[in-house]
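Asker: Taken in order, the sequence shown gives residues 1 to 104; the numbers are from the working numbering.
Every residue gets a Cβ at the ideal spot worked out from N, C-alpha and C, and that includes glycine.
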Amino acid sequence: MAKVQQGPNPVVAGWSMLRAQLTNRRPRPSATGTGEVDHAPLTSTLEALRAGGVQAVAALRPALAAYRRQLETVTPDALSRPETLAFWLNLYNAGALDLAAEAW
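1) Which of helix, strand or coil does DSSP assign to L79?
2) For the alpha helix (DSSP H) that L64 lies in, which residues bound it at each end?
3) If I'm right that G33 touches A103 with Cβ under 8 Å, what's the distance once you round it to whole angstroms?
4) Can you grab the Cα-Cα spacing for the pair A56 / A31, in whole Å?
5) Leaving out five residues before and five after P76 in sequence, what residues of the same chain have Cβ atoms less than 6 Å from its Cβ?
6) When you compare the CB positions of A101 and L71, do they come within less than 9 Å of one another, or not?
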């Protein structure tokens, strides 16, 4: 009886990864701008989290959604390097806080 292979074929998977790297070359982000983002709306949410825990953040979900909509309008390449880092970290944190509040 023939042995059934478990998982993907390593040759096919390797070729697929190589082909994706060769054909989908995208430019690297280049944060060379001088723009800034107002992160104050997230600050109030973080203060509520510190004071009252995740249950306090649940009441602030609309504020988190508004903050994320604000970040959707930002072009990260137009920001300075430190602002770009703050942008991506705060976007991630806002999403994680929203998920935690939703689960609460």
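Answerer: In this structure, then:
1) strand
2) 61-72
3) G33 to A103, Cβ: 36 Å. No contact.
4) 35 Å
5) T84, F87
6) no
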